[in-house]
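J.: Below are the structure tokens for one structure; questions will follow.
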Amino acid sequence: MIRADRKKMKKRKKWPWFVAVIFLIIGGLAFNVYLDLTSTLKGMYKPIERELSGKREEKIVLKKQDPFSVLVLGVDEREGDKGRSDTMIVMAVNPRLKMTKMVSIPRDTYTEIVGHGTQDKLNHAYAFGGIQMSMDSVENLFDIPIDYVVEVNMEGFQTIVDAVGGVKVNNPFDFTQDSIHFKAGEITLTGKEALSYVRMRKEDPNGDFGRQDRQKQVIEGVLHEGTSIKSLLNYRTVFNSLGDNVRTNMTFDEMVDVQKNYREAAGKVEQMHFEKGLGKRLNGGIWYYMMDEKELEQMKSTLKQHLELNGAVEE
125 MIRADRKKMK KRKKWPWFVA VIFLIIGGLA FNVYLDLTST LKGMYKPIER
175 ELSGKREEKI VLKKQDPFSV LVLGVDEREG DKGRSDTMIV MAVNPRLKMT
225 KMVSIPRDTY TEIVGHGTQD KLNHAYAFGG IQMSMDSVEN LFDIPIDYVV
275 EVNMEGFQTI VDAVGGVKVN NPFDFTQDSI HFKAGEITLT GKEALSYVRM
325 RKEDPNGDFG RQDRQKQVIE GVLHEGTSIK SLLNYRTVFN SLGDNVRTNM
375 TFDEMVDVQK NYREAAGKVE QMHFEKGLGK RLNGGIWYYM MDEKELEQMK
425 STLKQHLELN GAVEE
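Its first residue numbered 125, the sequence shown is counted upward by one per residue in the working numbering.
Here is the structure:
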């Protein structure tokens with residue numbers, strides 16, 4: 125009886141040792157991921173000159189879960205100049221409502237370029253004055269504060285897609301762009317293919333709006349693949365791609381606060397689009413997108429309510 129008990133005790137001792145090794149391995153991996161993530165996020169940080177938007181009386185406090193806005197700029201850099209912000213998205217995040225509202229701005233929108241003294245295409249603001257002028261011009265267009273900006277290098281975006289192993293999208297119709305043919309239906313894109321996929325707009329019957337939908341598909345695909353086991357095991361490549369191609373004025377501590385306090389709001393996104401504007405040729409035949417004033421005013425009101433500005437509260 126004593127020998128049998130000893131055998132049972134020996135067997136019991138093996139399990140805690142085995143489990144401890146597993147936890148040490150997982151813990152070591154998690155620690156390495158944390159260190160690499162910390163380094164990556166700090167490398168992405170790029171401060172801007174202003175500390176506070178001119179449309180805010182005091183700075184938002186993320187620990188108190190204040191609603192905030194983000195301007196996402198997808199920048200297509202070109203040889204010899206700063207490039208153009210061909211993708212412009214405003215996101216309004218409200219933790220109380222547990223929702224994010226996102227609106228894509230047509231890049232050819234005719235508006236005031238703040239700080240340049242001209243009326244021009246909105247995406248030219250980046251070429252004239254970089255991130256600062258883009259933020260100021262978007263603030264002026266929507267009459268809301270832009271608290272944070274995220275700049276993505278679209279040329280490098282393909283390395284992010286490749287890092288997560290490609291993305292799946294549902295292509296509504298056949299088309300060819302940059303000598304690459306895209307079949308209708310569900311297709312898997314490499315980084316190079318994804319970049320061409322989101323750039324096409326001339327063959328799209330919906331023009332820039334169709335292009336915005338394709339951008340959304342690819343971004344959602346990256347987010348989906350980025351959380352897969354495959355990407356977690358390849359996390360260093362993913363982090364390196366983000367660090368090389370993404371810049372933001374959000375600090376590491378602010379990113380941590382957003383992850384902690386705004387997770388539910390970020391998980392539910394409502395897409396909004398401009399649909400009633402018209403194209404018009406000005407200044408010697410240059411094509412511009414002229415926003416419908418009523419639609420623009422409605423968009424302003426919606427964003428202000430979602431950001432709870434001037435006492436406006438969305439129910």
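Yeah, the Cβ is synthetic: ideal placement off N, Cα and C, and Gly gets one too.
In the DSSP assignment, find the beta strand (DSSP E) that holds Thr235 and state where it starts and stops.
T.: 234 to 237
J.: Cβ atoms of Pro171 and Asn369: under 8 Å apart, would you say?
T.: no
J.: Between the Cα of Asp271 and those of Val185, Lys222, Trp411, spot the shortest distance and give me the residue it belongs to.
T.: Val185
J.: Taking only runs of the alpha helix (DSSP H) that begin and end inside the stretch 315 to 393, which ones reach a length of at least 4 residues, in chain order?
T.: 315 to 323, 331 to 350, 353 to 357, 359 to 369, 376 to 385, 387 to 391
J.: Is the beta carbon of Asn294 sitting closer than 8 Å to the one on Gln341?
T.: yes
J.: Could you check the C-alpha separation between Arg387 and Arg180 for me, to the nearest Å?
T.: 24 Å
J.: Taking Cβ to Cβ, would you say Tyr234 is nearer than 8 Å to Tyr413?
T.: The answer is yes: Cβ separation under 8 Å.
J.: Tell me which residue opens and which closes the alpha helix (DSSP H) that Lys428 is part of.
T.: 417 to 430
J.: Relative to the C-alpha of Lys225, which candidate in Lys400, Thr162, Ala390, Glu399 has its C-alpha closest?
T.: Ala390
J.: Grab the span of the beta strand (DSSP E) containing Asp267 for me, first residue to last.
T.: First-last for Asp267: undefined, no H or E at that position.
J.: Using CA coordinates, which residue listed in Thr361, Glu317, Pro296, Lys316 is at the minimum distance from Pro329?
T.: Pro296
J.: Going straight from the alpha carbon of Thr361 to that of Val273, what length do you get?
T.: Going from the Cα of Thr361 to the Cα of Val273 covers about 24 Å.
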